[in-house]
Structure formats: structure tokens, C-alpha cells
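Enquirer: Note that the protein sequences, when read in sequence, are chains X and P. In this text, residue positions in the first sequence follow the numbering used here: the first is 68, and each later residue adds one. In this text, residue positions in the second sequence follow the numbering used here: the first is 7, and each later residue adds one. Yeah, the Cβ is synthetic: ideal placement off N, Cα and C, and Gly gets one too. Encoded as C-alpha cells, here's the structure I'll be asking about.
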Amino acid sequence: MRAWHFTETAYPFLPPADEYDSIRVTLPSRLYDPKKGAELYDRYLTEWQVAEAEGVNIMVNEHHQTATCVDPAAPLMLAALARLTKTARLLILGNPISNRRDPVRIAEEMAVIDILSHGRVEAGFVRGVPYELAAANSNPVRSNERHWEALDLIVKAWTSHDGPFSHEGQFFHHRNVNIWPRPYQQPHPPVWVSTTSAQGARRVGAKGYIQATFLTGLDGTRAVFKAYREGWRAAGRGHDVPMHRLAYAPLLYCADSEQKARDGAEKLMWYVRANKVPPHYANPPGYFPTDANVKFLRGASPPVVAFLRNATIDQAVDSGFLMMGTPDKVYAQVRKFYDHVGGFGNLLIMGQAGFLDHGETVHGIQTFAREVLPRLQAECPDMAVSGYPDEVKSAAG
Amino acid sequence: MQMIPVAGIDVEVHEVGSGTPILFLHSAQGFQPGHAFIKLLAETRRVIAPSHPGFGRSGLPAWLSTVDDIAHVYLELMDKLGLRKVDVVGASIGGWIAAEMASKAPERFRRLVLVSPVGVKLGPTDRLDIPDIFAMPQEAVTKLLFHNPEKAKVDIGKMSDDELTIMVRNRETLALLVWEPWMHNPKLRHRLHRVVAPSLFLRGASDGLVSADYLAAYAKLLPNATTETIAAAGHALPVEQPQAFASSVLSFLKSE
């Protein structure tokens, strides 16, 4: 089991939420004080360095026009981390490739950081949450198709070393792709793709990329991982899916007392509770499948979001979105989750949000890394085979 | 209703009435045969109304992504239907399609009626000509569409899954077509001087999407166009004022 520290580098110093319509897309930047912002960047970078010192890897992400995540150019943050750290793996999860105009440029950026970090990049790719589309002016329709065309082009750009190739696809056109530098890692940095749907996971599994899923809870994650394994097997990659191909991102706060943990977890919930977004940005036409939108019109809520915004700490823990408590409790929660979903090899820890301050964040990272992670590493080996007992047994037989 | 294959797409085509044909090109709402204005037009004319690719029950191939593409498909549909020279009435995005078609094959059109049409960029770089309907709540969009938004209310509970699916899909296809550049084809304004058909630009006085200035400037791009405003109607003019709409259209099309 590998652990990763993740913060969205939020700027939480906002007026009361009833004074603005949306924390994303339209929130005026006059509310951002650059001097406070600089202090926050200093602090968040330091916390990633603390994670490295504790044997926890690093994860960054990217959002646009939002106070929830002031990192609209994640490759820049990753490049800074490449020089501030020495050993941690550097996961970007991820590059919003269906919202960026030039996949080749992204291949170049990842290659540069892979060289700068001497081969520590874990290159993740995301379709992006729906509120990204207005900010990117990116068409929500066919964004999934753009995503996959872009990803195939990036991998080809990384792995072609004999001069230019051309690409004339549905969405992207290049006559001379020949990137310098090429990646440090061979044949290329590990590729991660996030998806929260079974259909998406089947496709990621078929490619054999690392599957990450965010805040999908016990049952949602179980379905995603199951679909991944099905996709993997159907593509002829063999029966056994190693644990290290699967990743889950919960909110997680571990502390040396139950009360401290609970207080920290309350602060972490800012991540979901502060996410005030009106429906026209949360559900642009074409982002969700047609049949899902018909169900929304009939009154169904988009998964997770509605539940989480109103959930208590205990409800969030029970359903697997949040892990929190003393080390023994967090260990038990991770193990319960692990057994329920058929195992996974990467715990992407959303370990800082909102007003969780530096001292609290460092305490959370250190308590987890010292008291929980060693047990998980001993009992959940990366090379173990994921799946439910009957699946794994039939592999052996 | 029949399905007519055009350029590999199954295009749903409605036909009602008899007489000299009108090719009717619907707005983003999609074509609804029950609308009063269709019945009024069909009293004296044969109304031929395709559902645009991706709307209604028409197919949507992966290669199709622009209004320009649809204009080509419909010129071919006219060939298939034997419409050598036709009157066309297009509403909103349907008006845009009609303008594209007439700029490509001016000789195929006898008269044009463009109802609150979008499709060209006329104003300054730093202001949208057409408000961003995807960046506002649905109630705000409804206010721009209707003079009397109260009448526009739909009861989703009474709609079938098929009807809801069409409604959702129409909206998706609209986004596909108009997202970028927003509601226009930058090339179109440089092509409209080719149109020879006398043209009528219609607008509801309360239209919150297509302004009076926009309509007037759009009409000026065509060599032979006039404008007319109909009272107590928003962007959805034909739905809100079927009588006034049909009588304007029919009298304009009747003239020699």
C-alpha cells in the first residue's frame, strides 16, 4: 500500500456563502489577496515536503476559476515540487486533457518534470468535473471522446523516438510530433486515469492504466474496481489484477485523540460543504449521459454530492467517504474499505482542506504515516491480487 | 413522420398540409407537430419539417459538429425531396441553418423568413451578442425566451421517458453546435451577400436573446431583407403568438 498526501490548495478566506452564487467559475478574484495566497502556497508546499519526510508520496490536482483549488496549472506546482523533494513519487491527478487544447504540450510538460525529478512523475489524466467546462470554454459534449484521443496521442508522443509522426484525429491535428525531452522513465511515466463510473473503469482496465476514484464510498468504489478488473481481463491482460493498479481517494484525518480527529474531520468536510455550485455549472448539457439526465429530471440527485454536503461525520465514515479517528480506528476503517472493494494499492489522502491549519495538517500526516501506514504496508502488499476471495481463488485454480 | 436517410444520417421528417411547400427549420426546442403555428401554416401550405441531426429522433453521426454541417445535409435533403426552389422558414438556430443554406445555394430559395435568428457575430469582442444561456439558471433562460414565462411551464411529471430523452438530447445537441464560437459561425457574415431571395427577419418585441439591434444588423448583411417586430412575444415567437406569426409569414411568402 502506498499513501499519497493531497491538498487542493484552497483559498478559504471568503465572505459568507450566501453573499455569492457560486464558489466556482464566477467568484470575483478581488476576493483573493495575493499576499495571503503566497503564504498559503508556501505552507502547502511545506506540507508536501513533510509528507515526503514521513514516507508519504505527493499528489497535486488542478481546477480553474475557483477558491476551492487555487492551482489552475498543476504542472507548475509539480515542477516546483520536483525541485523541493528528492524521493517522493509525484502524482498529478490530473491533467484535464479534454479541456486543454494541445495534448502534445502536455506530453512535453510531463516529460520535463519527469527529467527535473529524475523519474518520479506519475502522470494522471482526468476528464475534469463539470464545473471546469465553463471556465475552459470547453464543449461538454464529446469530452470523453476528446479525453481518450488526447491520452493516446500523449502516450505516443512519449514513446516515439525516431523523429516526427503525424496525428490527424477527430479532435486533434499535428503534422510534426517529436517531443524533446522524452521522459526519464521508460517507456513512459505510469499513467493514471480517474473515473467514478463503471463504464469508464472498464475502459481504463482494458488499457491497464492505474485506476483512481474519488469519494465514491464503499459501494461506488466496489463497482468501479470490479468494472476495472472486468475490463482488464476482457482485454486479455490476464486474470490477476495487481493491487497497485487501483487507487481510492477518501477524506482522511488521523490524530492522537478521538476529539482532535473529529475536529480535524469537521474541518476537512469544508471540501464538500463549501462547494457551492449552481446547477447550470454542475450539470452542463452533454457532460452526464442522456439517461442519467432523464433520471435527474425525475428527481434523482447526482451521486455523492447531495449526500455528502449534508452528511454528518459519522454518516460520512459509515459510507466510506471519510476516514477519521485515532490510528487504530483509521486502520480499521481502511481495512474495512479494502476488504469491501476487493483491495487496492494506493490511498490518496485528501488530508487538508479549508481551515485545517498547518499544525493540524502536519499532525494528521505524521500520525497516519507513523501509526497506520506501516501496518497497511505490512498487510496489504502492492503485488497482491485484487478482487473478492472467489475471484482470486478461481485465478489460482 | 418518416425517416429519410441523408449523408448516412436517418433524418426524421414531418409533413403536414398541402400546397406550395414551406421548409420549416425548428428552434432548439425541437419540432413539435402539435404547435398551433404549424397548423396555421399548414392550412394553405405543405409544411415540411425535418428534425435537425441530434434533435428529435434524427441521428447524430460523430463527424457532425456544426450548423454548417447541417446546412449541407439539408441541401441534400432538398434534393431527395425534389425541392428545387423552396420557401424556408427558420426559427432561432433553424434561422441560422436557413441562412447558411441560402449563402451556399442562393438559387434554391424563393423567399426566406428568419425568426429571431442567431448565427452571426456583430457586436464588440468583449460582449456576447447572444446571452450565455448555459451560464444562468433555467428560470432566467425562460424569461429570455418568453414574453409571458408563466405560460411556458412544462410539467415534467406528465412527460414520458421518450419525451424527456428527446428534450435532454436536444439540449445536448444544441451545446454541441453553439458552444464555440458562441452561437455563430464567424464565416457566415462574409457569405450572406450571396443570398438573392427576398428575406423577412422577424422578432418578438420581448426577445431576450436576439436584440432589435442584432436583428437589424443581421438583416443588413443580406441584399434584400426587411425586419418586422411582433408584440407580446419573446424569443419563442411562433409559440407565443401563433396567429400573428403565421399571418406575417404567409403574407410575406404570398407576395411575388
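Taking any Cβ of chain P, which residues in the region 339 to 362 of chain X have a Cβ under 8 angstroms from it, in chain order?
Expert: Those residues of the region 339 to 362 of chain X that come within reach of chain P (Cβ to Cβ, closer than 8 angstroms) are P345, P346, H347, Y348, P351, P352, G353, T357, D358, N360, V361.
Enquirer: Bridge partners for X:H241 per DSSP, in chain order?
Expert: Looking at the DSSP assignment, X:H241 forms a beta bridge with X:H234.
Enquirer: Would you say X:L364 lies against chain P (beta-carbon separation less than 8 angstroms)?
Expert: Yes, X:L364 lies at the interface with chain P (some Cβ there is under 8 angstroms from its Cβ).
Enquirer: In angstroms, rounded to a whole number, what distance separates the CA positions of P:F61 and P:N176?
Expert: One C-alpha to the other measures close to 5 angstroms.
Enquirer: To the nearest angstrom, how far is the alpha carbon of X:L94 from that of P:V147?
Expert: C-alpha separation (whole angstroms): 21 angstroms.
Enquirer: Decide if X:A463 is buried, meaning its Cβ has at least 16 other Cβ atoms within 10 Å, or exposed.
Expert: Legend: pLDDT at X:A463 = 46, less than 50; position of this residue unreliable, value from coordinates given subsequently. By the 10 Å Cβ count, X:A463 comes out exposed.
Enquirer: Around the C-beta of P:K3, are 16 or more other C-beta atoms found within 10 angstroms, so that it is buried, or is it exposed?
Expert: Residue 3 of chain P lies beyond the residue range present for chain P, which begins at 7 and ends at 262; the question has no answer from this structure.
Enquirer: From P:S207 to P:H199, what distance separates their C-alpha atoms?
Expert: In the sequence as displayed, the identity of residue 207 of chain P is Phe instead of Ser. Going by the C-alpha atoms only, they are around 15 angstroms apart.
Enquirer: Put X:Y315 into one of helix, strand or coil per three-state DSSP.
Expert: The answer is strand: DSSP assigns X:Y315 an E or B state.
Enquirer: At the 8 angstroms Cβ level, is P:F140 part of the contact set with chain X, yes or no?
Expert: Chain X contact via Cβ: present.
Enquirer: Since X:G331 is in the alpha helix (DSSP H), which residue starts that stretch and which ends it?
Expert: Run containing X:G331: 325 to 335, per the alpha helix (DSSP H) assignment.
Enquirer: With 16 other CB atoms within 10 Å as the buried threshold, where does X:D286 fall?
Expert: The residue is exposed, with fewer than 16 neighbouring Cβ atoms inside 10 Å.
Enquirer: I want to verify the contact list: residues of chain P whose CB lies under 9 angstroms from the CB of X:A201, in sequence order.
Expert: By Cβ distance, chain P contributes D138, F140, A141.
Enquirer: Using only CA atoms, which one of P:A77, P:E156, P:I99 lies nearest to P:F37?
Expert: Nearest of P:A77, P:E156, P:I99 to P:F37, Cα basis: P:I99.
Enquirer: Determine the DSSP secondary structure at P:H20, reduced to helix, strand or coil.
Expert: Strand, per DSSP.
Enquirer: When the Cα atoms are used, what is the spatial distance from X:M336 to X:N377?
Expert: C-alpha separation (whole angstroms): 10 angstroms.
Enquirer: Spell out a yes or no on whether the region 204 to 222 of chain X and the region 236 to 245 of chain X are touching, meaning 3 or more CB-CB pairs, one atom from each, closer than 8 angstroms.
Expert: Flag = yes, the region 204 to 222 of chain X and the region 236 to 245 of chain X touch.
Enquirer: Let me see if you follow: with CB-CB separation under 8 angstroms, is P:A181 close to chain X or not?
Expert: Yes, contact with chain X.
Enquirer: Taking P:T171 as the query, report the chain X residues whose CB atoms sit under 8 angstroms from its CB, ordered along the chain.
Expert: T357, D358, V361, listed in chain order.
Enquirer: Is P:V22 near P:A48, with beta carbons less than 8 angstroms apart?
Expert: Yes, the Cβ-Cβ distance between P:V22 and P:A48 is below 8 angstroms.
Enquirer: How about X:M450 and X:F73: are their beta carbons less than 8 angstroms apart?
Expert: Against a cut-off of 8 angstroms, the Cβ pair of X:F73 and X:M450 comes out as no contact.
Enquirer: Which residue spans inside the region 352 to 385 of chain X form an unbroken alpha helix (DSSP H) run of at least 4?
Expert: The region 352 to 385 of chain X contains these whole alpha helix (DSSP H) runs: 357 to 364, 372 to 377, 380 to 385.
Enquirer: Which value, in whole angstroms, describes the spacing of the CA atoms of P:L256 and X:C136?
Expert: Going from the Cα of P:L256 to the Cα of X:C136 covers about 57 angstroms.
Enquirer: From this set, P:A231, P:E156, P:N191, P:V121, which residue's C-alpha is nearest P:S217's C-alpha?
Expert: It is P:V121 whose Cα lies nearest to the Cα of P:S217.
Enquirer: Whose C-beta lies closer than 7 angstroms to the C-beta of P:M165 among residues of the same chain, with five residues either side of it excluded?
Expert: The answer is none, since no qualifying residue turns up.
Enquirer: Could you give the distance in angstroms between the alpha-carbon of P:F258 and the alpha-carbon of P:Q249?
Expert: Cα to Cα, the separation comes out at about 14 angstroms.
Enquirer: Relative to the C-alpha of P:Q35, which residue among P:K45, P:A97, P:N154 is closest?
Expert: Among P:K45, P:A97, P:N154, the Cα nearest to that of P:Q35 belongs to P:A97.
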